[in-house]
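Chains as they are written, first to last, in my numbering: chain A, 92 to 489; chain B, -17 to 364.
No residue lacks a Cβ here, since even glycine has one placed at the ideal position from N, Cα and C.
Read the structure below first, then the notes.
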Amino acid sequence: MDLNYTEEQEAFRAEVRSFLADNLPDHIAEKTRLGKQLTKADTEEWNAILNARGWLAANWPKAYGGAEWNAVERQIFEEEACLAHAPRLVPFGLTMLAPVLLAFGSEEQRQRFLPRILSGEDWWCQGYSEPGAGSDLAAVKTRAVLDGDHYVVNGQKTWTTLGQHANWIFCLVRTNTEVKNQAGISFLLIDMNTPGVTVRPIKLIDGDAEVNEVFFDDVRVPVENLVGEQDKGWTYAKYLLTHERTNIAGVGFSDAALATLKHVAANTASGGKPLNQNPHFAARLAQVEIDLMAMRTTNLRVISAAAKGQAPGAESSMLKVKGTLLRQELTSLLRRAAGPDAMPYLPDYLEGGDNVDAMGPEHAASAAPTYFNMRKLSIFGGANEIQRTIISKAILEL
Amino acid sequence: MDFNLTEERTMLQDMLQRFLAERYDHEARRKLLESGTAYDADILNELAELGILGAIFSEEDGGFGGAGFDISVVFEEFGRAGVIEPILASAVLGGSLVAALGNDEQKELIEAVVGGQSVLALAHGEPTARYDLSDVRTTAAADGNAIVLNGTKTHVINGGQAGKLIVSARESGADTDHVGISLFMVSSDAPGVSINAYQNVDGTSAARVDLTDVRLSAADRLGDAGAAFEAIETAIARGTLAVSAEALGAMDAAKDLTVGYLKERKQFGVPIGKFQALQHRMADVLIEIEQARSAVVNLAGHMEADAATRDLHVSATKNLIGRVGTLVAEETIQMHGGIGMTDEYALSHFARRLTMIDHLFGDVDHHLERFIALSAASGGQL
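This is the structure in structure tokens:
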């Protein structure tokens, strides 16, 4: 056993750190640090900077313009990016669709779509969830019926994250109703500018509208936009979910949140003392830090196995459950640390308005919205209850 | 970064696993405990012959290991099998202190410890100390050339079986000062030493030791006068790693028994493992055990770090092990139902050991508080 990174890995970390110090724009880091919302332009700006360095597509082969990092290198980048307050990369094109195209798509599809993800020409969103389906992904009702050289798509997707910015959506659609649920699904790429596609935002508990409903009304999709074979989409969907799920434990986010929380707790007065000397708060803070220390190692154990070529299977379910619970606890503590200053709702401030003051300390305005927003962690990507079922079946064999 | 054991440690683990699977029968262990015997001397000797005690010591001290990962490999297997032989007391606690502070003559004792011929015990705890390692009120007073010990030592692990006790006593300073504490090697049959041995809830053996005008010479002191505290902290850190790894092994064993039971036991016509309520609880138990495994790796990997870093990991790990150990014990009993509460079934023994380990070297609350203090002292930097 050796808990240290290799010299090469440490050198890589230093390189990442200095790149971030030199290239991450202050106005973007500042928004991320304060939990403010990033605009589409912010995201595109940062993506372009990373792409110029060849670091936007961490897991893609170099031949397609990726960085071809292994799991440990990706983790190092993730940690450093979080600590530098770089924004989270929107995963839909980069880490969800691209691996599916690389594994199952045609060369024509790769040549057509991958460069446009890197250049920012395309913004992808994910059409998996449907009303009434939730984590039961195979309960796809959206129909795609072949009509000549087009599929005609009818149905509705929901919880489509950042769909308001997207011009393409990858969808699970039902192409066969005669077979068992999972056997009749196909994986289809749909241009959102096609007639019949409607996007409607859903305002959420945190006051923001990062998710949408997407409606398909006789939308005609050329057959060349089918990935792989018709009716085999479930295989690709599962591949997307289990093989390319990166940073599932969210350790980098937790590290950054813990650093913020400690800073806040040391600088918030509570009963004449800093909050970190309040025994109840200090105990909760210490316990989450202790759990996170173990989580870092649990994560690295899975990652270093993955870097050696063993695909993480059900272990990623363990990382998801524990990692999301930790992140939620951290946001819960930050909300608590803000005290009464967690109460004002300041959408203009959170939307990044330069001339808008926070009512309390700068970190406090986003504390409650972030806390509420992060309730999603244990719901999306397969609810934590689904993960527990996977663990009990795949690992415990119950 | 490499989370695999070295080849040597993998061999050690395989050998120990095979030996314990063959020779460490739960039924025999239970009968032994019922008879009031503290441990099986034959087993101790066989473990010594296999070199297991040697793994606790560095080459320089007469062993072939001595690092954090050597301790964790051995004790994880002990935990899985429920080993009660006095290796924590003799090799990890007593032996570590002799190795750290002893002169050449005193260190000769280690050979006998490694060989299983000699058993040591650390007599450090006191009635008022709870988990405070510096609370030492037993006195060591000079009387001419002699040193005279007076006081009471409690919860001395294997104190009833040890030939020699390593006794802490205060030569100067106030009751809880770090400075002023010395360690002495005291024969258990020395005049004035009264040992009252008893069995713990988990079947391990401990003793209360009363010292009344026990006369020693300066040659019985380990290291310099009044300067033993750091070595005691180090030995207890090693002991904490040992019981944390032992707890991990016990958790694994309790988990395996429970998963087996969930598949076998039928209610309402189906194996109870088909019920989602139990599947999810078992999944949570598994997740937490993986966290416990990571915590043990963290502590083992920092055992040779500077004391501040090491102790931060000692407290983090022991806090987490205490939480998870209790969870595993309580949940696996619940999932077994009544059978999990019977003495005859191994689960109850793992549950008892897991729960009692929280009372050794500081419990969940003690180590949470200590972690907060250490973290504040280090400026929050890990």
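Contacts that residue i makes with chain A (C-beta to C-beta distance below 7 Å)
i: GLU272 (chain B); result: THR389, MET409
i: HIS318 (chain B); result: Within 7 Å Cβ-Cβ: nothing; HIS318 (chain B) doesn't reach chain A, min ~14 Å.
i: LEU244 (chain B); result: LEU489
Paired residues, beta bridge with residue i - DSSP
i: SER226 (chain A); result: Answer is none; SER226 (chain A) lacks a bridge partner.
i: GLU304 (chain A); result: A:ARG291
i: ARG190 (chain B); result: B:ASN178
i: ASN245 (chain A); result: A:ARG234
i: PHE261 (chain A); result: A:GLN217, A:LEU280
i: ALA105 (chain B); result: B:VAL149
i: THR134 (chain B); result: B:ASP192
i: LEU198 (chain B); result: B:ILE129
i: GLN249 (chain B); result: B:VAL252
i: MET167 (chain B); result: B:ILE148
i: ARG203 (chain B); result: B:PHE166
i: LYS329 (chain A); result: Its beta-bridge partners do not exist; DSSP assigns none.
Neighbour-count burial assignment, residue i, 16 or more Cβ in a 10 Å radius
i: TYR327 (chain A); result: buried
i: GLU(-11) (chain B); result: exposed
i: LEU83 (chain B); result: buried
i: HIS118 (chain A); result: exposed
i: LEU237 (chain A); result: exposed
i: MET450 (chain A); result: exposed
i: TYR436 (chain A); result: exposed
i: ALA81 (chain B); result: buried
i: ALA200 (chain B); result: exposed
i: ALA525 (chain A); result: This structure gives no information on residue 525 (chain A), because the portion of chain A shown stretches from 92 to 489.
i: ARG152 (chain B); result: buried
i: HIS371 (chain A); result: exposed
i: TYR180 (chain B); result: exposed
i: ALA23 (chain B); result: exposed
i: ASN140 (chain B); result: buried
i: GLY519 (chain A); result: Residue 519 (chain A) falls outside the range modelled here, since chain A spans only 92 to 489, and no answer is possible.
i: PRO173 (chain B); result: exposed
i: GLY251 (chain B); result: exposed
i: ILE69 (chain B); result: buried
i: ARG197 (chain B); result: exposed
Per-residue DSSP class, three states only, for residue i
i: ASN284 (chain A); result: coil
i: MET(-17) (chain B); result: coil
i: ASP347 (chain B); result: helix
i: THR216 (chain B); result: helix
i: LEU317 (chain A); result: strand
i: THR19 (chain B); result: coil
i: THR121 (chain B); result: strand
i: SER469 (chain A); result: helix
i: LYS271 (chain A); result: coil
i: ILE139 (chain B); result: strand
i: LYS122 (chain A); result: helix
i: VAL312 (chain A); result: strand
i: ASP33 (chain A); result: For residue 33 (chain A) there is no data in the structure shown, the boundaries of chain A being 92 and 489.
i: ASP127 (chain A); result: It should be pointed out that residue 127 (chain A) corresponds to Lys in this sequence rather than to Asp. In the structure shown, LYS127 (chain A) sits in coil (DSSP, three-state: anything other than H, G, I, E or B).
i: HIS364 (chain A); result: Per the sequence presented here, residue 364 (chain A) reads as Lys, with His not at that position. LYS364 (chain A) falls in the strand class under three-state DSSP.
i: ASP184 (chain B); result: coil
i: ALA374 (chain A); result: helix
Cross-chain neighbours of residue i in chain B, by beta carbon under 9 Å
i: SER345 (chain A); result: None at all; the shortest Cβ gap to chain B is about 13 Å.
i: ALA374 (chain A); result: ASP347, LEU350, GLU351, ILE354
i: GLN166 (chain A); result: Those within 9 Å of GLN166 (chain A) in chain B number zero; the least Cβ separation is about 10 Å.
Assumed close pair residue i, residue j - CB separation to whole angstroms, cut-off 8 Å
i: ASN316 (chain A); j: ILE260 (chain A); result: About 11 Å; that fails the 8 Å criterion.
i: ILE218 (chain B); j: LEU115 (chain B); result: 6 Å
i: LEU193 (chain B); j: ALA144 (chain B); result: In fact, because the Cβ distance is near 14 Å, the residues do not count as touching under 8 Å.
i: HIS256 (chain A); j: VAL355 (chain A); result: Their Cβ separation, rounded to whole angstroms, is 31 Å, which puts HIS256 (chain A) and VAL355 (chain A) out of contact at 8 Å.
i: ALA232 (chain B); j: PHE332 (chain B); result: 5 Å
i: ILE167 (chain A); j: PHE103 (chain A); result: 6 Å
Partners in chain A for residue i, counting only beta-carbon separations shorter than 8 Å
i: VAL279 (chain B); result: MET92, LEU94, THR388, ARG392
i: VAL241 (chain B); result: LEU487, GLU488, LEU489
i: ASN(-14) (chain B); result: MET92
i: GLN51 (chain B); result: First, the amino acid is wrong: residue 51 (chain B) is Phe here, not Gln. The contacting residues are MET92.
i: MET(-17) (chain B); result: ASP93, LEU94, ASN95, TYR96, THR97, GLN100, VAL163, LEU391, SER395
Residues that residue i contacts on chain B, provided the C-beta gap is smaller than 7 Å
i: ILE381 (chain A); result: ALA298, ASN301, LEU302, PHE353
Proximal residues of chain B, C-beta to C-beta of residue i below 8 Å
i: VAL412 (chain A); result: ALA265, ASP266, ILE269
i: THR480 (chain A); result: GLN258, GLN261, HIS262, ALA265
heavy atom of the ligand HEM below 8 Å from residue i C-beta
i: MET386 (chain A); result: Within the structure as shown, the ligand HEM is missing, as the structure has no ligands at all.
Where residue i meets chain A, residues with beta-carbon distance less than 9 Å
i: GLY283 (chain B); result: MET92, ASP93, LEU94, ASN95, THR388
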